[in-house]
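Comments concern the structure below.
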Amino acid sequence: MENPYIPYPVVIDDIKIATEDKSLKTFKFVFLNKQDEKKFSLYKAGQFAELSIPGIGEIPIGIASSPVEKGFVKFTVFKTGVVTSHLHNMKVGDIMGIRGPLGNWYPWDMLKGKNVVIIGGGFAFTTLRSSIIYMLDPANRSQFGNIDVVYGARTPGMLLYRDELYEWETRDDINMHITVDGTNDSDWKYNVGFVPAIVEKKAPKADLNTYAIVCGPPIMIKFTEPALKKLGYNEKQIIMSLENRMKCGIGMCGRCNIGKELVCKDGPVFTLEEINKTPKEY
Amino acid sequence: MKVIKINKKDWENGINQSKKEYQLFGPVKEKDNYIFKKLQLDEYPDMEHKDTLVSPKSILFPQTEKILQTNLDESIDDHHIMKQVKKDYSKRAVISIKPYDAKAIQILNLNFDTDEYKDPYWCEAYKATTFIGLAVNNPSVFDFSSSTNTGPFAEQGLDVLLIDCSKEYLAKVLTDKGQAFLDVAGFNQETDNKKAIEIINNMKKKAENAISSQISTQNLKDKNTLDLYEAPFWDDIAFSCINCGTCSFVCPTCWCFDIQDETKGNLSYRIRNWDTCMSPLFTLHASGHNPRGEKTMRVRQRFMHKLKYFLDKYDNGIMCVGCGRCVKLCPVNIDIRKVCNLMNSHEPDTDN
Amino acid sequence: MNKLTQNIRELSSNLLKNNKVDMVIGFKKGTIPMAVSPMAAHNIEQTKEFIWDSNCGINLANFISDKKEKIGIIAKGCDSRNIVTHITENKISRDKLHIIGVPCTGMIDKIKLQSNFNDDITDYSENGEDIIVKSGLIEKNLKKSDYLKSNCKTCMHRNPVIYDELAAELVQEQKIEDQFADVKKIESLSIEDKWNYFDNLLKDCIRCYACKNACPLCYCPSCFVNESNPQWVGKGQDKTDIKTFHFLRAYHCAGRCTDCGACVQACPMNINVRDFTRKLIKDSYEIYGWEAGLDITKRPLLDTFSLKDDDSFIK
Amino acid sequence: MGNLLEHMGIEKQRLHFSWISSAEATKFVNVAKEVTNAVRALEPNNKFVKTLD
């Protein structure tokens, strides 16, 4: 019987500070056993995993690397609780565990042939990065229509994956709408304003073939919903990724539910239609 | 279906016999309370016992259980690599478990043994266990199990059902596992099946009639989740709640748990503990945000989970077996029977 | 209906009628024999649900912490002492409260009473100081004073210490020969036996925290048992962790505990957690002459300093 | 606190209180010695140690 609580052993291969305030770091992990990597690499963009530090605990984090990137997995982690604080103090070469992939993913089969609008805010951009890399992969790009990305953070220095963002800006197979809440940087070339406002201004109007994927802090989600509705998106066309406190990640420990749905196993990805049928306990 | 007759004079001898192959668990009286525990060589299950305070779920799902272990000593080869804690899963039998508690084990099984994931600690323990039930001839005043898909003589989840007929036990053999246990115990006196079953059915009817309290659940399925969630009665129900975990910890069907790491020297264990949705900590995000920050929300969650979410998710009845432990032990008398009936008869205010 | 219940209903409905309070907190009848449930009446109709008998042992002061509304509260002796504690600790202000005092002759120990019967108690009623209890086919007439909760047996403040009006005449306070006999019994044990005594006491603890949550003193927004950074105490069933929890919980009640017994009454496992707090009550009384919750003008014991305080333990 | 600890079976000599100013180095040393001697005399307390069993 396979034990779903045992993490795959991994070694920290690289640690990069991701934002100017150093509250986020991106960790690159390499699996100690090749077979484990093979099993894990079946993940799809949108799934998460439990980062597991023996003696400290586990935390559920969205997978930031993309299935098309081989040989490693990446997670961007915000320093906030006991486990993340410990993780931020760990060094390259330290051994820990990863348990997953867990949860469902953005509905890639359904999104084939569709236009995709990706809307993200702050540090909830990790699985969205995974998604963008996946869609931009030469093997996959032709399967999708237009790709629009609205991504905002407080300041330019708080944007995740800046190098990649600016590289995507130069491409013509993806429409980037990067924004910041405000900046003193007179060289800032992109948008200034909150994500919902930029969505209203820059995101494409809804049609039957366009779907929006939204991931961000609760306040952004709250105001993005009406913005999308104004553009004509219906409940089925708005796909969201939720987070709740989790422990087991496999639907057994019972704390992450919204109504009968378990965010860890039945989610974290839900359509707005599904979410509207459940109590809003997230 | 076979029925075996066990003379009460032979009972202790049979228990002694079975201890040679099985670890036995049963109810015993300690400090005026009945509890389920592992029986020592000179201990026998109390066959007259009233409800144990805590349900026997702890035999398969202990309140604290080590699940993984790791050595943190960097000088050894496999340091920081987490491994399953080795455990003894030899044959065991639970004697004198009440039918509703056995039904509760079936409900827990739905959570721990799923198509996608199997909890190895539960599944191994479940596989190793034989359930020898004892029919309830005189239901307590708190018992409402006849309206929760089980009852004083229910057989679901049991391998053998014992019926106490004053001088003897009649043992209804329900599974091969049950037969194997009776063989080891040396209980093999066959009896006139037809007659025995008639006796049992009469006793069953009598016991069922003795249950005075019922709940109505027939409308729950068709109720809209959000209507129930927004029903006006939750504040009233929750007012007296002190947010302790008594109801969930004594409940035979509450399965929620917490995972913690604890370290001693270089040895680190990952441990799981029972948890309760009554605790604000249960859902508190690291950011400080709490989706169920208010007491009322937590009380509502417990009842909605048991009586609506579970029903909708598994289509297998409600997540309550009617044992009455929470009704009896809640310090402020929040009564699931009352809440269930309120939910079952709730009609949303159509004006809004 | 007893006279007390009648008076309580009348007084509380008057309070609501005259808009003196927004709600009255009291007890309503439970769904099983001998059970009561705290409730808040917001209108006159609801006050008809109020009852009072010797099962109202839970401490209602627990339900007024940080309330902003104007509250009427039914208070027996110990509730009133905890209301005083709440006022001195700034959990509620005196002018937000209208206290209906209930002189008390003790509450019933349900477990002790039940142990008199083979099957479940099905009916309970009171007639003055007598109780009439039915179970199955048996009916017994018993004296209430034989079945008091252990904290009620040593209670020195049956009458409310603070109130705006009374629901009955004041009662005679008890004369108790040796208030701390139970504590002295433990004190006389050897250090080893003391350890084992508490080991055995806590053997069945399931850490449901009913004791702390039923306690009106335990109002911290985040209890030390829930802290994760640093984690003061493990969350499992390790004996050390269970003892640490009970020891620290008790210590946080030093000089504050009124011995209302709500912790013991709430405990589903019938653990007498008062064995910890009683020692603190005895020491507060014997060393400092302090009894908690008697006077709203006095600061809490651990909040005060006097040159006369014993300091022999400081080197 | 010392009384309560003793009440539940932890020797009183394991808990010491002292008032030492940052300037009183000698007193600090003496008290530390006293504490360690007192605790040593009691031998290890194995009761209040997590077993993780």
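Protein chains in written order, with our numbering: chain W, 1 to 282; chain R, 1001 to 1352; chain A, 2001 to 2315; chain V, 3001 to 3053. Idealized CB from N, CA, C, for every residue including glycine. Since the model is a prediction, treat every value here as computed from it, not as a measurement.
A check of alpha carbon separations from R/Phe1025 across R/Gln1040, R/Asn1033, R/Asn1013 identifies R/Gln1040 as the nearest. DSSP places W/Phe223 in the uninterrupted alpha helix (DSSP H) bounded by 218 to 230. The C-beta distance from R/Gln1017 to R/Val1184 rounds to 6 Å, short enough to meet the 8 Å contact threshold. In this structure, W/Thr179 is the residue among W/Asn276, W/Arg245, W/Thr179 with its C-alpha nearest to the C-alpha of W/Arg162.
Under the DSSP assignment, V/Phe3028 falls in the alpha helix (DSSP H) whose first and last residues are 3025 to 3042.
A distance below 7 Å between beta-carbons, with the five flanking residues on each side excluded, links A/Gly2234 to the following residues of its chain, in chain order: Asp2241.
For W/Arg255, the three-state secondary structure derived from DSSP is coil. The beta-carbon of V/Lys3050 is placed less than 9 Å from the nearest beta-carbon of chain R. Sixteen is the threshold: when 16 or more other Cβ atoms of the shown chains lie within 10 Å of the Cβ of A/Ala2266, as they do, the residue is buried. In the DSSP assignment, A/Ser2012 falls within the unbroken alpha helix (DSSP H) covering 2003 to 2017.
In the three-state scheme derived from DSSP, where H, G and I count as helix and E and B as strand, A/His2098 is classed as strand. In the three-state reduction of the DSSP assignment, W/Lys260 falls in the coil class, being assigned neither a helical nor a strand state.
Under the Cβ distance rule, R/Lys1005 does not count among the residues neighbouring chain A, no pair being separated by less than 9 Å. Taken atom to atom, the span from the alpha-carbon of W/Thr183 to that of W/Leu165 is near 17 Å.
In the structure shown, the three-state DSSP call for R/Met1082 is coil.
In the same chain as A/Tyr2147, and ignoring 5 residues on each side of it, the C-beta atoms closer than 6 Å to its own belong to Ile2108, Asp2109, Lys2112, Leu2113, in chain order. Interface criterion met: the Cβ of V/Phe3017 is under 9 Å from a Cβ in chain A. Within the DSSP secondary-structure output, W/Thr179 pairs in a beta bridge with W/Gly152, W/Asn191.
Pairwise C-beta distances place the segment 2085 to 2095 of chain A in contact with the segment 2288 to 2298 of chain A, as three or more of them are shorter than 8 Å. Classified as exposed, W/Ser85 has fewer than 16 neighbouring CB atoms from the shown chains inside 10 Å of its CB. Per DSSP, reduced to three states, the secondary structure at V/Val3049 is coil, with no helix or strand assignment.
When rounded, the separation of the alpha-carbon atoms in R/Gln1084 and R/Glu1262 is 15 Å. CA-to-CA, the gap between W/Thr278 and R/Lys1223 works out to about 13 Å. Per the C-alpha coordinates, the member of A/Lys2315, A/Thr2105, A/Ile2287 positioned closest to V/Asn3003 is A/Ile2287. Contact between W/Glu50 and W/Gly249 holds, since their C-beta atoms are separated by about 5 Å, short of 8 Å.
With its beta carbon at least 9 Å from every one in chain V, A/Lys2144 lies outside the interface.
At least one CB of chain V lies nearer than 9 Å to the CB of A/Thr2240. Residue contact check for R/Lys1087 against chain V: no CB pair falls below 9 Å.
Between R/Asn1316 and R/Leu1162, the beta carbon gap of about 26 Å keeps them out of contact (Cβ cut-off 8 Å). When secondary structure is reduced to three states using DSSP, R/Ile1336 falls in the helix class. Residue environment for W/Arg171: exposed (fewer than 16 other C-beta atoms within 10 angstroms of its C-beta). For the pair W/Ile221 and R/Tyr1314, the Cα-to-Cα distance works out to about 31 Å.
By the beta-carbon neighbour count (other beta carbons within 10 angstroms, threshold 16), A/Asp2066 is exposed. Of the residues A/Asp2259, A/Ile2073, A/Thr2105, A/Glu2169, the one whose Cα lies closest to the Cα of A/Phe2063 is A/Ile2073.
Contact annotation for W/Pro7 against chain R: Met1082 [CB-CB distance below 7 Å, chain order]. The C-alpha of W/Gly254 lies about 10 Å from the C-alpha of R/His1305.
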